[in-house]
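Protein sequences, first through last, are from chains F and A.
Position one of the first sequence corresponds to residue 671 (this note's numbering), numbered consecutively onward.
Position one of the second sequence corresponds to residue 671 (this note's numbering), numbered consecutively onward.
Worksheet for the structure shown next.
Number of protein chains: 2
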Amino acid sequence: MSAKLESVDAKGDVAVLMKDMGRRARASARALALAAPDKKTAALKAAAQAIRDNASAILQANAEDIAAAAADKLTDAFRDRLSLDAKRVAAMAESVDIVAALPDPVGVVTSSWDRPNGLKIERVRTPLGVIAVIYESRPNVTADAGALCVKSGNAVILRGGSESFHSSRAIHRALVNGLESQGLPADAIQLVPTRDRAAVGELLSGLGGSIDVVVPRGGKALVGRVEAEARVPVFAHLEGVCHVYVHSAADLEMAKKIVLNAKMRRTGVCGSAETLLVDRATASTHLKPLVEMLIAAGCEIRGDEATRAADKRVIAATEQDWSTEYLDAILSVKVVDGIQAAIDHIERHGTHHTDSIVTGDREAAEKFLSEVDSAIVLHNASTQFADGGEFGFGAEIGIATGRLHARGPVGVEQLTSFKYRVLGNGQTRP
Amino acid sequence: MSAKLESVDAKGDVAVLMKDMGRRARASARALALAAPDKKTAALKAAAQAIRDNASAILQANAEDIAAAAADKLTDAFRDRLSLDAKRVAAMAESVDIVAALPDPVGVVTSSWDRPNGLKIERVRTPLGVIAVIYESRPNVTADAGALCVKSGNAVILRGGSESFHSSRAIHRALVNGLESQGLPADAIQLVPTRDRAAVGELLSGLGGSIDVVVPRGGKALVGRVEAEARVPVFAHLEGVCHVYVHSAADLEMAKKIVLNAKMRRTGVCGSAETLLVDRATASTHLKPLVEMLIAAGCEIRGDEATRAADKRVIAATEQDWSTEYLDAILSVKVVDGIQAAIDHIERHGTHHTDSIVTGDREAAEKFLSEVDSAIVLHNASTQFADGGEFGFGAEIGIATGRLHARGPVGVEQLTSFKYRVLGNGQTRP
């Protein structure tokens, strides 16, 4: 990765550059926090239109990125993440339009109550302030993250992967066009104008109080670095070691449908299942058909002894398999002795992300939903529903696995804080 | 402060001791998270009763603390914070009873909605996990913090000020009695059994993933150390540089009542006013009576030129006065040119804690409440209402001034996280 600064803005000193970005973000955050809902909506609609209007420039920048990428890095998966085409650019604009159309979260009264002394207390949503989003070479994150932050009244500093540098710049330009069309400060969406990795370190330092929260969006290495180094709050995004537990009272056809979807719909998303737990009480009828179905669908199975006994093609699972996020057509399969053993397995090996139980027994479902300590727990539904869009949030900036502030899909509401408004008529405290 | 270990538990190695406490807290957290509401309530009621039953032992321990405190540290204020008497012990037990009687926050569905595909999504409150509370030599915090954490289903590690070491131990014993009477794990409320300050450093390191959040409760030095060193999330508790703004449309009598209460009711609490802003449009009628009233009440006034012109006894304010939390009978007073100047002053010098406007003009009130970015904003009421009890939260563990997760009074609800329960009947994602 090149350490040289690539932008006209860069002064040759990353720390100075970044501090200045932080100052400008903080200064613009107040204007954005107080911006009228209509203005934010109009700015985002204009940004979506600017993405469409500048589609050819964006595609040209993307071609530059792909040409510049080191040939050895261009695996199929990497090229797929990095590449844009006309359809993807259109989808990106559409996604900004969807965020534009969401209800404005700022100022919403989420609860209110009266006190015996006549004080009326309201809890209302407010922006968080300045958000730093650090992501990899997926150009569309530039548009999604920028739009979500603006909608929720926050200023944002975006730091995309260096391989998508030119693409992100072109998309960023469209977002800024949108802001400027409504007289909102351009500094409310800034893109780090250098590929120098020291910029990430500066962001994680908090830029002297200019960053309120850091959102890492990407793989394990990125998230690990952010969590280890950050001196400011982070919305933790651990990997998703997600489970489907087929309970003794599970309908086989439903179990097959859910397991197949949870694993194979898309194997590279964080909500894809990585481990199948089958109750011993139902293994004799359910295990073999589930394994055969998965293998027929092209999935490699790594199983415990009972699973290997059900099908000779099953590879022996090692202890490490139970804690592995494959993000691939591989599934670990284990037979467990009842629901408590399933819950204990998930507690020991899971990542508190997304876990599902398949059962016709409501009491078992209730126990699973109560006792599994994950951001998302499902009954009779695929783990692949772990997605802000599927939750009705319009879009998400990621799936949080921490327990503080944001948990599960992080949409516009999770990008807000709150304050208390207390309305009196002269009350003093005794 | 002594660096030697004082407990029978201590093994001579603070790091080892603390790691072990962390492991035990984490192990007990799950049991507490799943404990039935009735059990938690009964345990806290039993703890309150144990405090009453052991009042003489607690008072004896407190006498030991006071006798041991270095004579030069025993200022009146310090002795007042540290000292217990029969009435204070009774109030402490009463406070635990109040927390016991609060509605259980765990499992409460805070919102639910249906998706077009038939999925029903519920957002429910869950405990946070393990909380570390670091506080100074106020023995009652041991009881309050312990009770609040248990009620919200969390395990807690308490680290009180070393001068209250024996008092805290005696109170802690009563809390553990309560837990044990209901078969809840004693490890759910642990008290650091050593005065060694290295224990604080260990807590701030997160004890290898055993601490989910740190709550500092105390003065500037303590909070500063916690925020600087913590490698885990902190509920930030900045000092309270709180303002009362007397707007041009303020009724003088109401303004006098509110200003007097906001400053003088108790000067040592974080919600006490430190700066009075008077609108220039009303200074000719309101400034002099306000200043005269405050001086008559024993308050020192540090004012700008206009304020000094109103009363000769006013001391000249320096730039630093506008950012100072006196926690004493001192008030800085400034005349400002209209509501925007008042808001700008608060933005520049305040600590986003608690600020109040006195006005008969609803539009001005609305502007102030919307634009002042503080945890608590009030209209025609005293800043001294910044208190969990006054908000109806039953009790509080502190007032948070950060914007993430908790803001304002931190009661049992703010000590919870949430998760999503998704109820389906076989849904898979297209």
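Ideal Cβ positions, reconstructed from N, Cα and C, are used throughout, including at glycine.
In this text, all values refer to a predicted model and were calculated from it rather than measured experimentally.
- Using a CB distance cut-off of 8 Å, Val779 (chain F) does not count as an interface residue toward chain A.
- Residues of the segment 744-765 of chain F with a Cβ closer than 9 Å to any Cβ of chain A: none.
- In the three-state scheme derived from DSSP, where H, G and I count as helix and E and B as strand, Leu714 (chain F) is classed as helix.
- The closest CA to that of Leu1085 (chain A), considering only A:Ala1051, A:Thr796, A:Leu704 and A:Ala756, is found on A:Thr796.
- In this chain, Ala802 (chain A) is not harboured by any alpha helix (DSSP H); it is covered by the beta strand (DSSP E) spanning Val800 to Tyr805.
- Note that the C-beta distance between Ala966 (chain A) and Ala825 (chain A) is not below 8 Å.
- In the DSSP annotation of this structure, the continuous segment of the beta strand (DSSP E) that includes Phe1088 (chain F) starts and ends at Thr1086 to Gln1097.
- The three-state secondary structure of Ala986 (chain A), taken from DSSP, is strand.
- DSSP places Ser838 (chain A) within a helical segment (H, G or I) once states are collapsed to three.
- Leaving aside the five residues that flank Ala1035 (chain F) on each side, the residues in its chain whose CB is nearer than 7 Å to its CB run, in chain order, Ile1027, Thr1029 and His1049.
- Membership of Asp750 (chain F) in the alpha helix (DSSP H) is indicated by the continuous run Asp746 to Leu752.
- Given a length threshold of 3 residues, each whole run of the beta strand (DSSP E) inside the segment 841-898 of chain A is given here in chain order: 859-861 and 883-887.
- Annotation: the segment 990-1057 of chain F contains the following complete segments of the beta strand (DSSP E) (minimum length 3 residues), in chain order: 1000-1006, 1024-1028 and 1046-1051.
- With a cutoff of 8 Å on beta-carbon distance, Trp992 (chain F) and Gly1062 (chain A) are scored as not near each other.
- Listed along chain A, no residue sits closer than 7 Å to Gln1084 (chain F) by beta-carbon distance, the nearest being about 10 Å off.
- With the rule of 3 Cβ pairs closer than 8 Å, the segment 889-902 of chain F does not count as touching the segment 912-921 of chain F.
- In this structure, Leu845 (chain F) and Ala705 (chain F) do not form a Cβ contact; the two beta carbons are roughly 15 Å apart against a cut-off of 8 Å.
- Annotated three-state conformation of Val776 (chain A) is coil, per DSSP.
- DSSP places Leu729 (chain A) inside the alpha helix (DSSP H), whose first and last residues are Ala725 to Ala738.
- Those residues of the segment 952-974 of chain F placed with their C-beta closer than 7 Å to a C-beta in chain A do not exist.
- At a cut-off of 8 Å between beta carbons, Arg935 (chain A) contacts chain F.
- Residue-level contact check: Ile791 (chain A) touches chain F, since one or more beta carbons of chain F fall below 8 Å from its beta carbon.
- Under the 8 Å Cβ criterion, the segment 896-904 of chain F does not count as touching the segment 1009-1029 of chain F, having fewer than three qualifying pairs.
- Asn824 (chain F) is outside the set of residues whose beta carbon lies under 8 Å from a beta carbon in chain A.
- Around Ser1044 (chain A), the same chain offers Gly1020, His1022, His1023, Thr1024 and Asp1025 as residues with beta carbons nearer than 7 Å, after the five sequence neighbours per side are excluded.
- With the criterion set as a beta carbon lying under 7 Å from some beta carbon of chain F, the members of the segment 1051-1062 of chain A are Ala1051, Ser1052, Gln1054, Phe1055, Glu1060, Phe1061 and Gly1062, in sequence order.
- Ser781 (chain F) is bridged by DSSP to F:Arg793.
- When the beta-carbon positions are compared, Phe1088 (chain F) and Val794 (chain F) come within less than 8 Å of each other.
- Among the residues facing chain F, His1049 (chain A) is included, as its CB has a counterpart in that chain under 8 Å away.
- When Cβ-Cβ separations below 8 Å define contact, Ile1000 (chain A) makes no contact with chain F.
- Within the DSSP bridge table, the entry for Leu946 (chain A) names A:Val914 and A:Val1003 as partners.
- Distance check between Ile928 (chain A) and each of A:His913, A:Asn810, A:Cys940 and A:Val769 places A:His913 closest, using alpha-carbon atoms only.
- A residue is called buried when at least 16 other Cβ atoms come within 10 angstroms of its Cβ; Glu1066 (chain F) meets this threshold and is buried.
- Taking a C-beta distance under 8 Å as the contact criterion, Met934 (chain A) and Gly1096 (chain F) do not qualify as a contact pair.
- The alpha carbon of Glu1017 (chain F) has as its nearest neighbour, out of F:Thr945, F:Asn847, F:Ala813 and F:Ile985, the alpha carbon of F:Thr945.
- Partner residues in the beta bridge of Glu970 (chain A), as assigned by DSSP, are A:Ile1000.
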